[in-house]
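Numbering (UniProt numbering), first residue to last: 1 to 227. Structure, as C-alpha cells:
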Ligand SMILES: Cc1cc2nc3c(=O)[nH]c(=O)nc-3n(C[C@H](O)[C@H](O)[C@H](O)COP(=O)(O)O)c2cc1C
C-alpha cells in the first residue's frame with residue numbers, strides 16, 4: 001500500500017530542514033522509502049537527461065560499508081574522490097565555513113584547541129552519524145560540473161521530500177572520499193562516479209550535535225534585482 005502523502009507546505013519543508021548528525025536505529029519502512037524516491041524522480045534536469053544514480057545502503061550493506069569507511073579513516077588512507085573538489089575556501093566563504101564548524105563544535109562540546117575532539121567529530125561522518133540508511137548519489141564519470149548541477153537539484157528534492165515525511169538527513173561531501181568502496185558494495189562499473197552521500201533516518205533528539213543551528217547571509221547580499 002502506498003503511504004498517504006503528508007500535508008506539509010513546501011515552505012515549511014524548506015525552512016524546517018536542517019542537517020541532522022545523530023539518528024535513531026529504527027529503519028524507515030521500505031514502502032515509504034520507495035515512495036520518497038519515486039517523488040524525488042520529479043526533479044528537473046538539463047534536457048530531462050536525469051543523470052542521477054542513487055544507491056541506497058541499509059541493514060547489512062550499510063553496516064559493512066560503515067566498517068570499511070571507519071577502517072580507512074583510522075588508517076588515515078588518503079581520499080581518492082572521483083571528481084575534483086575545492087577544499088580551501090577564502091574570504092567570505094572561509095568565514096562561513098568556520099562559523100558552521102564552530103556552531104557544530106560548540107554543541108558537541110569541542111573547544112578550539114581540542115584536537116582529539118575535532119578528530120572525533122570527523123569520525124562521526126564515517127560512522128554515518130549512526131543513520132540506518134545512506135544514499136550515495138552518483139553520475140557517469142565523463143560528466144562535469146554542469147551535469148553535477150542536476151544531481152544537486154535531485155539531492156535537494158530528495159531531502160525536502162524526506163523532510164515532508166518526517167525523515168531527517170545530512171548531505172555528506174565526506175562520502176566522496178572512498179568511491180571504490182561504494183562501487184564494490186553495489187557492484188558498479190568504473191564509469192559510475194560518486195558525488196556525495198546523504199545519511200538519513202529518524203532524528204535522535206538526544207544527540208547534542210542536533211542542536212546545531214546555522215545562519216544565512218542576508219538575501220540582499222546574494223541576490224541582484226535590476227529592472
Ligand atoms: C553538498 C554538501 C556536502 C556536505 N557535506 C557534509 C559533511 O561531509 N559532513 C557534515 O557534517 N555536513 C555536511 N554538509 C552539511 C552542511 O554543513 C550544512 O548543510 C550547512 O552547514 C548548513 O546547515 P543546515 O543543513 O543545517 O541548514 C554538507 C552539505 C552539502 C549541501
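The beta-carbon is built from N, C-alpha and C at its ideal position, and this holds for glycine as well.
Nearest-angstrom beta carbon gap, residue 37 and residue 54 [assumed within contact, 8 Å]: Reading the chain shown from its first residue, position 54 is the one you call residue 54. Reading the chain shown from its first residue, position 37 is the one you call residue 37. Yes, they are in contact, since the Cβ atoms of residue 54 and residue 37 sit about 7 Å apart, within 8 Å.
Start-end ranges of the alpha helix (DSSP H) lying completely within the segment 62 to 123, minimum 4 residues: 91 to 108
By C-beta, the residues closer than 6 Å to any heavy atom of ligand 1, given in chain order: 18, 19, 21, 100, 125, 170, 171, 172, 173, 174, 196, 214
Start-to-end residues for the alpha helix (DSSP H) that takes in residue 37: Numbered from 1 along the chain shown, position 37 holds the residue referred to as residue 37. 30 to 40 is the extent of the alpha helix (DSSP H) around residue 37.
The segment 114 to 121 / the segment 54 to 68 touching (three or more Cβ pairs under 8 Å): no
Residue(s) in a DSSP beta bridge with residue 134: Walking along the chain shown from the start, residue 134 turns up at place 134. Answer is 57, 199, bridged to residue 134.
Check: residue 109 C-beta below 7 Å from any heavy atom of ligand 3: Ligands displayed in this structure: ligand 1; ligand 3 is not among them.
Residue 5 versus residue 208: straight-line alpha-carbon distance, rounded: The residue given as residue 5 occupies position 5 in the chain shown. The residue given as residue 208 occupies position 208 in the chain shown. Near 31 Å, if we compare the C-alpha coordinates of residue 208 and residue 5.
Cβ contact check for the segment 157 to 164 and the segment 77 to 87: 3 or more pairs under 8 Å: no
Residue 146 classed as buried or exposed, judged by whether at least 16 other C-beta atoms fall within 10 angstroms: The sequence position of residue 146 within the chain shown is 146, counting from 1. Label assigned to residue 146: exposed.
Straight-line gap, residue 123 to residue 212 (C-alpha atoms, nearest Å): In the chain shown, the residue the question calls residue 123 occupies position 123. In the chain shown, the residue the question calls residue 212 occupies position 212. Residue 123 and residue 212: Cα-Cα distance of roughly 18 Å.
Endpoints, the beta strand (DSSP E) within which residue 16 is located: Mapped onto the chain shown, residue 16 falls at position 16. Note, residue 16: premise wrong, no beta strand (DSSP E); alpha helix (DSSP H) at 10 to 16.
C-beta contact flag for residue 23 and residue 217 at 8 Å: One-based indexing of the chain shown puts residue 23 at position 23. One-based indexing of the chain shown puts residue 217 at position 217. Their beta carbons are not under 8 Å apart, which means residue 23 does not touch residue 217 by this criterion.
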